[in-house]
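See structure below.
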Ligand code: SF4
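Printed below as a string of structure tokens:
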């Protein structure tokens, strides 16, 4: 499933919709990730190959574009590069897809949901390359401190991951109109309060989203 939408907590291939009017369209491009979060849907939801979001092969840029060619982009409220894994592991490819979308419809809203660690993965600062292609970057903050962050995400980059993720978030502000940090609602009020402080210090919005089992 490459293009999907969410309806009542289920993933629906947009091919199976009667109408795509007004939907948020998610792009699923990879299963890979630099983290292994304890709460990741890849580990908790109908494991892997049984899950329709699990890709047997990553779609090429052309295959993703070919899927979009089937639709009227005016229908979509927003395009979200999200996926089952970390979308920015395919940063170069997804920026090509975003460029194609913006060429076809310059005011189409685009978003990336990311763990914020992909500059580390690509071994260069990728934030400037989001300019003009991505309207919103939503970074998973997960926790208010580096120890808890690492415990939850089990990031391959170790204890420095938290600071790297915050640095990525700060850098995005120069190139992306909307930058958001997210946490799930089950972390408790005190932790949410601390995360709010971090978001305020950086000057971005904190979004508290419902935990999805
Ligand atoms: S960053 Fe996202 S995709 Fe990666 S392991 Fe964590 S929840 Fe899963």
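Residue numbers (our numbering): -18 to 194.
All C-beta atoms in this analysis are idealised placements derived from N, C-alpha and C, irrespective of residue type, glycine included.
Quick one: using the 10 Å Cβ neighbour count with 16 as the cut-off for buried, is residue i buried or exposed?
i	result
residue 3	exposed
residue 152	buried
residue 28	Caution is warranted here: a pLDDT of 46 is assigned to residue 28, below 50, making its placement in the model unreliable, and no coordinate value can be reported.
residue 55	exposed
residue 125	buried
residue 196	Past the edges of the chain, shown from -18 to 194, lies residue 196, and the structure says nothing about it.
residue 155	exposed
residue 31	Any reading at residue 31 must be qualified, since the residue scores a pLDDT of 49, below 50, and its modelled position is unreliable; the value itself is stated next. Answer is exposed; the Cβ neighbour count stays below 16.
residue 257	Because the chain in this structure spans residues -18 to 194, residue 257 falls outside the shown range and cannot be described.
residue 184	exposed
residue -14	buried
residue 71	buried
residue -9	exposed
residue 113	exposed
residue 61	buried
Please determine, among the options, the residue with the shortest C-alpha to C-alpha distance to residue i.
i	options	result
residue 173	182, 89, 189, 184	189
residue 36	11, 47, 24	11
residue 63	159, 165, 191, 117	117
residue 110	149, 9, 1	149
residue 52	179, -1, 106, 166	-1
residue 158	68, -11, -10, 88	88
residue 105	-13, 167, 145	145
residue 39	60, 75, 101, 58	75
residue 20	186, 121, 102	121
residue 103	177, 67, 182	67
residue 164	115, 193, 44, 73	193
residue 77	175, 108, -18, 45	45
residue 14	83, 99, -6	99
residue 5	131, 160, 140, 90	90
Any heavy atom of ligand 1 within a distance shorter than 7 Å of the CB on residue i?
i	result
residue 139	no
residue 96	yes
residue 145	no
residue 10	no
residue 121	yes
residue 71	no
residue 182	no
residue 99	no
residue 134	yes
residue 67	yes
residue 188	no
residue 63	no
When the cut-off is 8 Å and only beta carbons count, does residue i lie next to chain B?
i	result
residue 177	Absent from the structure: chain B. Only one protein chain is present.
With DSSP as the reference, identify every bridge partner of residue i, one or two as the case may be.
i	result
residue 59	5
residue -8	-13
residue 162	120, 187
residue 95	120
Quick test of your reading: residue i and residue j, contact by CB under 8 Å. State the CB separation rounded to the nearest angstrom.
i	j	result
residue 212	residue 18	Since the first residue shown for the chain is -18 and the last is 194, residue 212 is missing from the structure and cannot be characterised.
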